[in-house]
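Participant: Right, I'll just put the structure down here and ask away after.
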Amino acid sequence: MVSDGFLIVTVIAFLGSVSCFPDNRVVNGTDSDVTQYPFIVSMRGPAGSHLCGASIIAPRWILTAAHCVSGRVASQLSIQYGSTMISVNSTNVVGVKRIIMHENYNPAKSFANDIALLELTGSLIYNYKTMAPVTLPDPYYEIDQVPEGAPGVLAGWGLNSSFGSVQFHLQSVELKIYSDDECQLRHDNVTTADQLCGGVDEGGKGQCSGDSGGPLVHNGSIQLGIVSWSIKPCTVAPYPGVYTKVSHYVDWIYENMQQV
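FYI, the numbering for the sequence shown is -20 to -1, 1 to 240, going by mature numbering (1 follows the signal peptide of the UniProt record, and there is no 0).
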């Protein structure tokens, strides 16, 4: 199940009827607290319902996926911050002033350049307990390209299964970040060097619809990935979830944050 307004694309290059969708919950995650991930926020629609995950990168700037904001109007979006539980009645909410999507975002090409920035109408005040920025990786940082991959953690409020429901309590799950070669092998060479894969070999854990735009972190708070898409049903083996590789866009992020 994909949140209202999400673009759904079937990638013909994949096997048979297996489909690729933008990702909207953490499957088989555990209850978490925002103090563990103080950079995570919920992007909300006009009625205040959860649409996507996102992360704080500066007091006035939020990082998310382009497919989360494609076709949307900034004034109709808001961010709930500093919260373990999401609610339409939350007072921890700030509006969105401007959306900056990557100029080369292309959902028809494996959701290439699936990254966007949100400029907020006001500045967040960090307390470094429930609200703090995520750490961006060094430009073009890569994990060790070894078979065992690298450890990562995904957090979000997405569906707990393809036919489940949005989780109002923040969830997290430990995942393996795959080498680029393994990522491409498992997805029949559809993924690119600007994407990475995260999941578990046996399937059953990872991203689902609602998690889109949310952070995949490494070593505590270094954001290596933005939830982009996955094969449905969610977390089916042997297909790990696909993420935008943040390190390849660090320069783009800083350049666009400087726009007036």
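C-beta atoms are modelled at their ideal positions from N, C-alpha and C, and glycine is treated no differently.
Does the beta-carbon of residue 206 have 16 or more other beta-carbons within 10 angstroms, so that it is buried, or is it exposed?
Facilitator: Looking at its Cβ environment, which holds 16 or more other Cβ atoms inside 10 Å, residue 206 is buried.
Participant: Look at the Cβ atom of residue 60, then the Cβ atom of residue 69, and state whether they are nearer than 8 Å.
Facilitator: No, the pair does not count as a contact, with Cβ atoms beyond the cut-off.
Participant: Between the Cα of residue 230 and those of 204, 209, 239 and 212, spot the shortest distance and give me the residue it belongs to.
Facilitator: The residue with the shortest Cα to Cα distance from residue 230 is 204.
Participant: Which same chain residues, not among the five before or five after residue 28, have their C-beta less than 6 Å away from its C-beta?
Facilitator: Answer for residue 28: 68, listed in chain order.
Participant: Out of 172, 33 and 154, state which residue places its alpha-carbon closest to the alpha-carbon of residue 22.
Facilitator: Minimum Cα distance to residue 22 is reached at 33.
Participant: For residue 154, which of helix, strand or coil comes out of DSSP?
Facilitator: Three-state DSSP puts residue 154 in a strand.
Participant: Suppose the cutoff is 7 Å on Cβ atoms and the five residues either side in sequence are ignored; what does the same chain contact list for residue 31 look like?
Facilitator: Excluding positions up to five away in sequence, the list reads -18, 23, 24, 25 and 48.
Participant: To the nearest angstrom, how far is it from the Cα of residue 178 to the Cα of residue 208?
Facilitator: Going from the Cα of residue 178 to the Cα of residue 208 covers about 11 Å.
Participant: Quick one: give me the first and last residue of the alpha helix (DSSP H) that residue 46 is part of.
Facilitator: 46 to 49 is the extent of the alpha helix (DSSP H) around residue 46.
Participant: The alpha helix (DSSP H) that contains residue 229, what's its start and end?
Facilitator: Residue 229 -> no alpha helix (DSSP H), and no H or E assigned at all.
Participant: Where residue 235 and residue 227 are concerned, what is the direct C-alpha to C-alpha distance, given to the nearest angstrom?
Facilitator: Roughly 14 Å between the two C-alpha positions.
Participant: Starting from the Cα of residue 57, find the closest Cα among 131, 78 and 41 and give me that residue.
Facilitator: The shortest Cα separation from residue 57 among 131, 78 and 41 belongs to 78.
Participant: Identify every residue that forms a DSSP beta bridge with residue 86.
Facilitator: In the DSSP output, where bridge partners are listed per residue, residue 86 has 92.
Participant: Out of curiosity, what's the CA-to-CA distance linking residue 128 and residue 166?
Facilitator: Using only the alpha carbons, I get a separation of about 14 Å.
Participant: Once the 5 residues before and after residue 197 are set aside, which same chain residues still bring their CB inside 6 Å of it?
Facilitator: 133 and 203, listed in sequence order.
Participant: Along the chain, where does the alpha helix (DSSP H) containing residue 31 start, and where does it finish?
Facilitator: Here residue 31 belongs to no alpha helix (DSSP H); instead the beta strand (DSSP E) covers 30 to 38.
Participant: Is the region 102 to 110 touching the region 33 to 45, taking contact as three or more C-beta pairs under 8 Å?
Facilitator: Touching, yes, given that three or more Cβ pairs across the two stretches are closer than 8 Å.
Participant: Based on the DSSP secondary-structure assignment, which residues constitute the bridge partners of residue 149?
Facilitator: According to DSSP, residue 149 bridges with 65.
Participant: With residue 188 as the anchor, note down where its beta strand (DSSP E) starts and where it stops.
Facilitator: Per DSSP, residue 188 belongs to no beta strand (DSSP E) and is neither H nor E.
Participant: Leaving out five residues before and five after residue 145 in sequence, what residues of the same chain have Cβ atoms less than 7 Å from its Cβ?
Facilitator: Within the same chain, residue 145 has close Cβ partners 139.
Participant: Taking the straight line between their C-alpha atoms, what separation do you get for residue 97 and residue 19?
Facilitator: Looking at the two C-alpha atoms, the distance is approximately 15 Å.
Participant: Between residue 112 and residue 87, what straight-line distance do the alpha-carbon atoms span, to the nearest angstrom?
Facilitator: Their Cα atoms are separated by approximately 31 Å.
Participant: Just curious, the alpha helix (DSSP H) that residue 60 is in, first and last residue?
Facilitator: Looking at the DSSP string, residue 60 is not in any alpha helix (DSSP H); the run it does join, the beta strand (DSSP E), is 58 to 60.
Participant: Please list, in chain order, all residues of the same chain as residue 157 whose beta carbon is under 8 Å from its beta carbon, the five residues on each side excluded.
Facilitator: Excluding sequence neighbours, residue 157 sits near 123, 129, 130, 131, 132, 176, 177, 178, 196, 198, 204 and 205.
Participant: Note down, in chain order, each residue of its chain lying with its Cβ closer than 6 Å to the Cβ of residue 92, except the 5 sequence neighbours on either side.
Facilitator: Once the five neighbours on either side are set aside, the close Cβ partners of residue 92 are 86.
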